[in-house]
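What follows is a single structure, written as structure tokens, with notes after it.
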Amino acid sequence: MTRVLEAVHQLDVKGLQCPMPIVKTAKAMKELVSGDLIHVFATDPGSVKDFAAWSKATGNELLESSAIDGVFRFVLRKR
Amino acid sequence: MDAKIVILGGGVGGTLAANLLVDALGDAATVTVVDPTGMHAYQPGFLYVALGQANGRWLARDERTLLHKRVDLVIETAERVDPGTRTVRFASGGSIAYDYLVLATGARLVPEQIPGFIGAGQEFYSLTGALRLREELRRFRGGRVLVGVAGIPYKCPPAPVEFTLLLEEQLRHRGLRQRSEVTLLSPLNRAFTVESASKLVQPIMEKRGIKLSTFFNVEAVDPTKGTVTSIEGEEAEYDLLVLVPPHRGQSVIEASGLGDEGGWVPTDRNTLQHRTYDRIFAMGDATDLPISKSGSTAHFEAPIVASRIVSLVKGTAPKASYEGRVMCFLETGDRRATTLRFDYTHPPVPPRPSMVWHAAKWMFNRMYWHTVPQGRVP
Amino acid sequence: MTLTETEVTKTIDARGMACPGPLMTLIGAIRAGAVGDTFAVLSSDAGSKTDIPAWVAKARHELVQTVPADGYSTFIVRKAR
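Protein chains in written order, with numbering that gives the first Met the number 0: chain A, 0 to 78; chain B, 0 to 377; chain C, 0 to 80.
So, in structure tokens, the structure goes:
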């Protein structure tokens with residue numbers, strides 16, 4: 000049996016202000032192959048709406064959008 | 000112990016802010032306007048001077064007559080601001096201390112940044128330039144006229160379009176139109192910044208045979224060849240060249256390290272505070288905000304700056320917020336004009352050009368001195 | 000994972016600013032900047048999606064990236080010459 004593992008990437012954009020969290024995520028996504036996941040950690044509150052919108056516009060699925068102690072985590076899957 | 004509020008610049012923004020501050024604070028503050036000349040100019044008038052439609056008499060007044068008597072007026076050139084010691088040094092050697100500082104220093108013209116401009120190109124952004132252009136137009140007997148933009152940002156985005164339309168009309172009235180070709184060199188792919196207004200103006204231009212060159216940002220002038228070149232790599236020939244000169248922030252901003260690479264003050268779009276120094280505010284042409292450099296911008300910003308400083312002096316939380324409000328006229332010739340009113344959340348919806356708006360513009364031109372600096376126009 | 004970061008020299012937030020508009024402001028920034036400088040322009044104006052790429056192409060600079068977000072887009076432009 001072959002198991003295909005999706006690569007899980009992490010991106011730390013804490014402290015960066017709009018639009019940089021999403022700009023850097025878009026850039027990072029280029030390194031991923033279809034199916035890979037990326038966990039993005041951000042502190043900019045505008046990111047929540049930005050990631051939802053970007054996900055919808057680009058078709059990269061937003062699997063999770065959560066926050067713990069002021070740090071947002073977005074989990075996206077490359078289409 | 001009263002708060003010391005210093006305002007650099009006695010233009011529309013500085014004057015209005017000063018008057019609003021003394022009105023609200025009374026004895027709680029000393030408000031001082033520092034201005035290099037003590038003369039307040041009505042810059043929208045220069046365009047009309049260049050076209051021979053106005054003379055200099057109603058264009059400048061003694062700043063003292065526009066300020067509330069409680070405002071101190073110091074006629075000095077501010078040379079350097081030290082945010083650490085909260086002092087402003089004057090070129091003459093004196094200085095003034097502040098608790099709150101308002102940078103209403105406007106913009107300065109730097110035509111020398113464009114090779115070949117000085118001497119070969121005309122401009123109506125200074126009174127001297129407007130008077131010189133007026134004489135040049137008097138001597139003009141027909142030929143290729145180019146109106147363009149030699150630097151961004153610049154004051155009054157409608158001005159090059161207005162000048163082109165009004166000049167073409169003048170050439171017709173003088174019987175020179177058949178012998179002339181009039182071209183607007185636009186930095187964008189349309190005649191004007193606001194798309195809805197461009198849609199009103201372009202058909203007018205087409206009907207009058209005014210040519211439009213798009214994406215033409217003037218880079219240099221060659222006076223011997225009689226050509227102007229663009230950063231996009233194109234060239235155009237002229238007999239009469241009228242350009243919006245490049246602009247920079249004032250020297251005091253640059254010398255103090257308070258500005259960006261263009262000398263513009265990094266400013267918060269709502270609070271109008273300097274992005275680094277919270278006791279320093281900026282308004283009008285001096286800011287780095289990518290909004291219109293227009294008298295109306297300073298006019299609408301002044302109450303926000305005044306209100307926020309009043310709150311700080313009184314120890315309450317500042318609430319006033321600038322929401323991007325701007326109001327401009329755009330003259331289209333034929334005694335007609337349109338108006339552009341907008342803010343950060345409402346794009347402009349300019350009405351079809353009409354005589355009503357042209358009349359309103361001229362009423363504003365005449366009434367300005369009695370109303371705007373004193374805060375009588377909300 | 001290694002990332003090649005885009006170092007943004009300057010961010011221009013022109014959202015909600017109808018005049019002179021995001022493209023004009025970008026042109027000014029490019030004129031004032033050094034070759035290699037990279038600008039992030041935020042625009043809520045729908046026209047920017049065609050206007051900005053059109054000018055960047057004519058002026059022979061580089062449109063590095065276009066990133067849609069909530070009610071605006073970010074255009075990353077590099078001064079190429």
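Glycine included, C-beta positions come from ideal geometry on N, C-alpha and C. Treat the numbers as computed from the prediction; the structure is a model and nothing was measured.
Minimum C-alpha distance to residue i - residue among the options
i: residue 59 of chain B; options: B/219, B/371, B/74 and B/42; result: B/42
i: residue 216 of chain B; options: B/198, B/153 and B/271; result: B/153
i: residue 167 of chain B; options: B/377, B/331 and B/365; result: B/331
i: residue 344 of chain B; options: B/277, B/337, B/321 and B/361; result: B/321
i: residue 23 of chain B; options: B/316, B/305, B/137 and B/287; result: B/305
i: residue 30 of chain A; options: A/51, A/19, A/10 and A/40; result: A/10
i: residue 422 of chain B; options: B/5, B/61 and B/197; result: Past the boundaries of the shown model lies residue 422 of chain B; chain B is included only from 0 to 377, so the question cannot be answered.
i: residue 78 of chain C; options: C/45, C/43 and C/30; result: C/30
i: residue 356 of chain B; options: B/55, B/336, B/346 and B/114; result: B/336
i: residue 62 of chain C; options: C/72, C/51 and C/71; result: C/51
i: residue 424 of chain B; options: B/358, B/341, B/52 and B/147; result: Outside the shown range of chain B (0 to 377) lies residue 424 of chain B, about which nothing can therefore be said.
i: residue 48 of chain C; options: C/34, C/9 and C/76; result: C/76
i: residue 308 of chain B; options: B/273, B/212, B/162 and B/238; result: B/273
i: residue 113 of chain B; options: B/222, B/132, B/172 and B/40; result: B/222
Range of the contiguous beta strand (DSSP E) that encloses residue i
i: residue 67 of chain C; result: 61-67
i: residue 279 of chain B; result: 279-281
i: residue 75 of chain C; result: 72-77
i: residue 38 of chain C; result: 37-42
i: residue 11 of chain C; result: 9-12
i: residue 21 of chain A; result: Per DSSP, residue 21 of chain A belongs to no beta strand (DSSP E); it is in the alpha helix (DSSP H), 19-28.
i: residue 212 of chain B; result: 210-212
i: residue 3 of chain B; result: 2-7
i: residue 331 of chain B; result: 325-332
Continuous alpha helix (DSSP H) stretch holding residue i: start and end
i: residue 357 of chain B; result: 354-370
i: residue 47 of chain B; result: 45-49
i: residue 128 of chain B; result: 126-138
i: residue 116 of chain B; result: 116-119
i: residue 20 of chain B; result: 11-24
i: residue 24 of chain C; result: 21-31
i: residue 165 of chain B; result: 158-172
i: residue 294 of chain B; result: 294-313
i: residue 204 of chain B; result: 194-206
i: residue 49 of chain A; result: 46-57
i: residue 253 of chain B; result: 250-254
i: residue 64 of chain A; result: Note, residue 64 of chain A: premise wrong, no alpha helix (DSSP H); beta strand (DSSP E) at 60-67.
i: residue 49 of chain C; result: 47-57
Proximal chain A residues relative to residue i, where beta-carbon distance stays under 7 Å
i: residue 21 of chain C; result: None at all; the shortest Cβ gap to chain A is about 13 Å.
i: residue 26 of chain C; result: Going along chain A, no residue has its Cβ under 7 Å from residue 26 of chain C, so there is no contact; the nearest lies around 20 Å.
Inter-residue CB distance, residue i and residue j (contact presumed, cutoff 8 Å)
i: residue 70 of chain A; j: residue 13 of chain A; result: 6 Å
i: residue 255 of chain B; j: residue 80 of chain B; result: 4 Å
i: residue 17 of chain B; j: residue 33 of chain B; result: About 10 Å separates the two Cβ atoms, so there is no contact after all.
i: residue 119 of chain B; j: residue 181 of chain B; result: Not really, about 18 Å apart at Cβ, beyond 8 Å.
i: residue 76 of chain A; j: residue 63 of chain A; result: Incorrect: roughly 10 Å between the Cβ atoms, too far for contact.
i: residue 99 of chain B; j: residue 252 of chain B; result: Between residue 252 of chain B and residue 99 of chain B the Cβ distance is about 17 Å, and since that is not below 8 Å, they are no contact.
i: residue 315 of chain B; j: residue 286 of chain B; result: At roughly 25 Å, the Cβ-Cβ gap does not stay under 8 Å, so residue 315 of chain B and residue 286 of chain B are not in contact.
i: residue 50 of chain B; j: residue 157 of chain B; result: Not really, about 15 Å apart at Cβ, beyond 8 Å.
i: residue 12 of chain C; j: residue 41 of chain C; result: 5 Å
i: residue 21 of chain B; j: residue 69 of chain B; result: 4 Å
i: residue 101 of chain B; j: residue 175 of chain B; result: The Cβ separation is near 47 Å, so there is no contact.
Chain-ordered neighbours of residue i on chain C, where CB pairs are closer than 8 Å
i: residue 57 of chain A; result: 67
i: residue 387 of chain B; result: Since the first residue of chain B shown is 0 and the last is 377, residue 387 of chain B is not available in this structure.
i: residue 175 of chain B; result: Under the 8 Å cutoff, chain C gives no residues; its nearest Cβ is about 31 Å from residue 175 of chain B.
Cross-chain neighbours of residue i in chain B, by beta carbon under 9 Å
i: residue 79 of chain C; result: In chain order: nothing, as chain B lies at least about 12 Å away.
i: residue 75 of chain C; result: None at all; the shortest Cβ gap to chain B is about 17 Å.
Under 8 Å by beta carbon: chain B residues contacting residue i
i: residue 15 of chain C; result: 323, 342, 343 and 344
Chain C contact residues for residue i, given Cβ-Cβ distances below 9 Å
i: residue 48 of chain A; result: 68, 69 and 70
i: residue 51 of chain A; result: 69
i: residue 339 of chain B; result: 17 and 18
i: residue 347 of chain B; result: 17 and 18
Within chain C, partners of residue i - CB distance below 7 Å
i: residue 214 of chain B; result: 54 and 57
i: residue 126 of chain B; result: In chain order: nothing, as chain C lies at least about 24 Å away.
i: residue 350 of chain B; result: Those do not exist, as residue 350 of chain B stays about 16 Å from chain C at its closest Cβ, beyond 7 Å.
- Message: To be precise: take each residue of the region 190-203 of chain B, compare its Cβ to all Cβ atoms of chain C, and keep it if any distance is under 7 Å. Which residues remain?
- Response: Of all residues in the region 190-203 of chain B, 192, 193 and 194 have a Cβ within less than 7 Å of some Cβ in chain C.
- Query: Of the residues that make up the region 31-47 of chain C, which ones have a beta carbon closer than 7 Å to any beta carbon in chain A?
  - Reply: Within the region 31-47 of chain C, the residues whose Cβ lies closer than 7 Å to some Cβ of chain A are 39 and 41, listed in chain order.
- Relative to chain C, which residues along the region 230-245 of chain B have a C-beta separation below 7 Å, given in chain order? In summary, the residues of the region 230-245 of chain B whose CB is separated from some CB of chain C by less than 7 Å are 230 and 231, in the order they occur in the chain.
- Item | Residues of the region 258-276 of chain B whose Cβ lies closer than 7 Å to any Cβ of chain C, in chain order | Listed by position along the chain: 260 and 261.
- Message: At a CB distance below 8 Å, what residues from the region 20-41 of chain A approach chain C? Give them in sequence order.
- Response: Of all residues in the region 20-41 of chain A, the ones placed with a Cβ closer than 8 Å to any Cβ belonging to chain C are 21, 22, 23, 25, 26, 27 and 30, in chain order.
- Along the region 275-292 of chain B, what residues have a CB closer than 7 Å to any CB found in chain C? Cβ contacts with chain C: 289, 290 and 291.
- Message: Residues of the region 151-180 of chain B in Cβ contact with chain C at a cutoff of 7 Å, in chain order, please.
- Response: When CB distances to chain C are screened at a threshold of 7 Å, the residues of the region 151-180 of chain B falling below it are 151, 152 and 156, in chain order.
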